[in-house]
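Engineer: Below is a structure I'd like to ask you about.
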Amino acid sequence: MATNAKGTGMVGYNVQTAVDAEHHLIVAHEVTNIGSDRAQLSRMAGHAKTAMGAEALGVLADRGYFKNEEILACEPLGVTPYVPKPLTSGPKSKGRFGKQDFIYVAEDDVYRCPAGEVLTRRFTANEDGTKLHVYWTKNCPDCPLKARCTTSKERRIKRWEHEAVIDAMQARLDRTPGAMIVRRATVEHTFGTLKAWMGASHFRTRTLEKVKTEMSLHVLAYNLKRVIAILGAQPLMEAMRA
């Protein structure tokens, strides 16, 4: 997989799993050689929904899966995502106000800044194929909080054209503060168990197709042991015969 350093990589594979929160069964999995999880959410959520035969599905994922386009892609699939935003903000890291300190007022399509000023939409920009609305106020130069906000003439806030989807997801997360605890206790437990079984070297095969086969065998063994723990060996055998 490619690493952050230019032109470098590592011998490794990125394993994706979708685990049901009730029984901790792996309902879908995939092996890729893409080092980031950011483009995996909607595809894995779709696989999980199909495997479970569900009409609708709530999906919990960590910050590494956050990508605006992936969140938006979940909606037509009948998937409701719960993914916290990454804790990265240039202004915040420098002690200034972050975008989260600006409140969006949907009915007026404006932002309200920490000083109480109203930032109105000025124009729409296209950045790398993404349509962004840009907001600011002309009152920044005289603002007593300007030093804590921006070093530019005015503070500009950019809003993605579909950002209402992100706002709705954040509202869901705010209403379910234990969502990430459930995620950690579900998928992390599964990965921990698999890694303990696999040993320090993890995969014994090489090349993507062989590793996919090896991972499928691990998932099959894991799910069989989980079902035996839940139902017992005899009921499982009877179900398999049926």
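With the sequence shown counted from 1, adding 411 to any position gets you the working numbering. Glycine is no exception: its CB is placed at the ideal position from the N, C-alpha and C atoms.
1) How many Å lie between Val422 and Gly589 at the Cα?
2) When we look at the beta-carbon of Val598 and count the other beta-carbons within 10 Å, is it buried (16 or more) or exposed?
3) Quick one: is Ile514 buried, meaning 16 or more other Cβ sit within 10 Å of its Cβ, or exposed?
4) Excluding five sequence neighbours on each side, which residues of the same chain lie with their C-beta closer than 6 Å to the C-beta of Met591?
5) Any chance you could list the beta strand (DSSP E) runs of at least 3 consecutive residues sitting entirely within the segment 551–591, in chain order?
6) State the Cα-Cα distance for the pair Gln511 and Leu647, rounded to the nearest angstrom.
7) Would you tell me roughly how many angstroms separate the C-alpha atoms of Arg532 and Lys542, rounded to the nearest one?
8) In whole angstroms, what separates the C-alpha of Ala582 from that of Tyr522?
9) Can you say whether Lys564 is buried or exposed, counting buried as having 16 or more other CB atoms within 10 angstroms of its CB?
10) Taking the alpha-carbon positions, what's the Ala472 to Ala432 distance?
11) Helix, strand or coil for Pro445 per DSSP?
12) Provide the residue span of the beta strand (DSSP E) that contains Tyr633, from first to last.
13) Confirm, please, whether the CB-CB distance from Tyr493 to Met580 is below 8 Å.
14) Just the C-alpha distance for Arg652 and Cys485, rounded to the nearest angstrom, thanks.
15) Which of the three DSSP states is assigned to Arg507 in this structure?
16) So what does DSSP say about Lys542, is it helix, strand or coil?
17) Since Arg637 contacts His458 with CB under 8 Å, what's their CB separation in whole angstroms?
18) I'd like the list of long-range same chain contacts for Lys460, defined as Cβ closer than 7 Å, with 5 residues on each side in sequence excluded.
19) Please name the residue, chosen from Gln645, Asn479, Lys606 and Gly501, that lies closest to Val426 on a Cα-to-Cα basis.
Structural biologist: In brief:
1) 36 Å
2) buried
3) exposed
4) none
5) 568–571
6) 50 Å
7) C-alpha separation (whole angstroms): 13 Å.
8) 17 Å
9) exposed
10) Ala472 and Ala432: Cα-Cα distance of roughly 12 Å.
11) Just to set this straight, residue 445 is Ile in the shown sequence, not Pro. Correct three-state label for Ile445: coil.
12) No beta strand (DSSP E) contains Tyr633, which is instead part of the alpha helix (DSSP H) from Leu619 to Leu642.
13) yes
14) The C-alpha of Arg652 lies about 37 Å from the C-alpha of Cys485.
15) DSSP places Arg507 in coil when its eight states are reduced to three.
16) strand
17) Between His458 and Arg637 the Cβ distance is about 19 Å, and since that is not below 8 Å, they are no contact.
18) Leu468, Leu488, Gly489 and Val490
19) Lys606
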